[in-house]
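What follows is a single structure, written as structure tokens, with notes after it.
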Amino acid sequence: MARTLPLVLFLSMSGGVARADIRTAFSGWVQAEGAPLKHDGGRAQPNGMFDGSLQLKAFDVSATGIEYGFYGAQGSARPRETAAYLYAQAGWGRIQLGDAPGAVAQVLPRAARVGLGQVDGDQGFYGYAPARLAPLRLDDDASTRISYVSPAFVGVQLAASFAPRLGTYAITPRGGRLARPQGLRDLGEIAVNGTRTLGSVELKLGAGYAHAVEHDGWAVGAEATWGAWSLAGGLTDDTKVAPNVGLTWSGSAVKLGTSWARDLNGRRVVAIGADWAVRPWLNLLADAVDQRERSLLLLAARGSF
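If you count by mature numbering (1 follows the signal peptide of the UniProt record, and there is no 0), then the sequence shown holds residues -20 to -1, 1 to 285, one letter each, in order.
Set out below in structure tokens:
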């Protein structure tokens, strides 16, 4: 009964299944990527993989104006692009239940992802920078949560979430070295952002706090957008403070970005990313990432449907 209760609640809010008119949307992508690595010894070691994801959204709108449904994104090797949750949303906000993003990831401003991900993205498969930047893994979408995001009121938006356990993605730095991955228990998150327009510039500021049995941390972020340009960044704190900032330009078919960060072990990470939409269904992606320990060149081709 406990497992069916969320579905019963969602159906009751919609007025029952008798009037349900379920609509669906299906999409996905496949990607081939490679990373010629240059280690300390200067020897190049090719590395790469195939990846892909399928996304499904099924939803209905009740007579009272509440949209409810299911969203799933599966198949990708990247936790940030994997999710499966029920949701309900209306003028009072949005509730999510399942493997979904937490409060901090949903409302905190951050530098836009360009290419394969840049500093806060997915080059962790090759360089492990994201683990050192975010030991609480506040961007992990693959752990079961319940979350609520409010509508914007006078430019201010609030969010809260709770996860009984956050997988095994959390990493804690100890003595300047990475400890082995561990899980977090009873992870609660709260976050807030505010948006204001100053002339032709839209400014967004945000802050978030996360607390678990093992430890806690906070994050702040800011983003300024004007035309095709976006400048964003922030600080992530656990046992140390890790700053990051990124500048992005978005054209009709090309996106370019550069970013800088210092991880929780004090290592500098600099990246340049590019995304070229050759066709509506084909993107070519590239990242050049430089770290103290190694330099990376990431190349990928992504087909979407």
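Backbone N, C-alpha and C define an ideal beta-carbon position, used for all residues, glycine too.
Predicted model only: the values in this text are computed from it and were never measured.
Original post:
What is the DSSP secondary structure of LEU187, counted as helix, strand or coil?
Top reply: Looking at the sequence provided, one finds Ala at residue 187 rather than Leu. In this structure, ALA187 counts as strand in the three-state DSSP scheme.
Subject >> Spatially closest choice to ASP40 from GLY14, GLN54 and GLN69, by CA coordinates >> reply: GLN69
Original post:
Buried or exposed: which applies to VAL249, given that a residue is buried once 16 or more other Cβ atoms fall within 10 Å of its Cβ?
Top reply: buried
Original post:
Sorted by chain position, which residues of the same chain lie with C-beta nearer than 7 Å to ALA143's C-beta, five sequence neighbours on each side aside?
Top reply: GLY82, SER123, THR124, ARG125 and LEU167
Subject >> CB-CB length for LEU227 against GLY95, believed under 8 Å >> reply: Between GLY95 and LEU227 the Cβ distance is about 14 Å, and since that is not below 8 Å, they are no contact.
Subject >> N-terminal and C-terminal residue of the alpha helix (DSSP H) that VAL87 is part of >> reply: 83 to 87
Subject >> Close beta carbons around ALA202, own chain, < 8 Å, minus the five adjacent residues each side >> reply: PRO89, LEU183, LYS184, LEU185, GLY186, ALA212, GLY213 and GLY214
Original post:
Where does the unbroken beta strand (DSSP E) through PRO144 begin, and where does it stop?
Top reply: 136 to 145
Original post:
What's the call for ALA43, buried or exposed, on a 16-neighbour Cβ count within 10 Å?
Top reply: exposed
Subject >> Rounded distance between the beta-carbons of ALA251 and VAL269, thought under 8 Å >> reply: Taking the Cβ atoms as the reference, VAL269 lies roughly 4 Å from ALA251, within the contact range of under 8 Å.
Original post:
Based on the DSSP secondary-structure assignment, which residues constitute the bridge partners of PHE285?
Top reply: Bridge partners of PHE285: none, in fact.
**OP:** Note down the Cα distance separating ILE46 from VAL234, rounded to an integer number of angstroms.
**Re:** 37 Å
**OP:** Specify, as a first and last residue, the run of the beta strand (DSSP E) that GLU47 falls within.
**Re:** Under the DSSP assignment, GLU47 falls in the beta strand (DSSP E) whose first and last residues are 47 to 54.
**OP:** Specify the secondary structure class of GLU203 as computed by DSSP and reduced to three states.
**Re:** strand
Subject >> SER42, enclosing beta strand (DSSP E) - first and last residue >> reply: Run containing SER42: none; DSSP gives neither H nor E here.
**OP:** Report buried or exposed for TRP209, applying the criterion of at least 16 other Cβ atoms within 10 angstroms of its Cβ.
**Re:** exposed
Subject >> Nearest residue (CA-CA) to ARG3, options ARG282, GLY49, LEU34 and GLY28 >> reply: GLY49
**OP:** Mind checking who ILE170 pairs with in its DSSP beta bridge?
**Re:** In DSSP, ILE170 forms a bridge with ALA140 and TYR189.
Original post:
Would you report the Cα separation of SER180 and VAL129, rounded to the nearest angstrom?
Top reply: 27 Å
Subject >> Nearest neighbour of LEU36, chosen from TRP229, GLN76, ASP79 and ALA64 [CA to CA] >> reply: ALA64
Subject >> Own chain partners of THR177 with C-beta closer than 8 Å, once the 5 adjacent residues on each side are dropped >> reply: Annotation for THR177: LEU183 place their beta carbon closer than 8 Å to its own, counting only its chain and skipping 5 residues before and after.
Original post:
Would a C-beta distance cut-off of 9 Å place SER275 and PRO260 closer than the cut-off?
Top reply: no
**OP:** Name the one or two DSSP bridge partners that GLU13 has.
**Re:** Bridge partners of GLU13: MET29 and ALA280.
Subject >> Spatial distance of GLY32 from GLU61 (CA atoms) >> reply: 10 Å
Original post:
What is the C-beta distance between GLN54 and ALA281, in whole angstroms, given that I count them as a contact (C-beta under 8 Å)?
Top reply: Contact doesn't hold; Cβ gap of about 21 Å is too wide.
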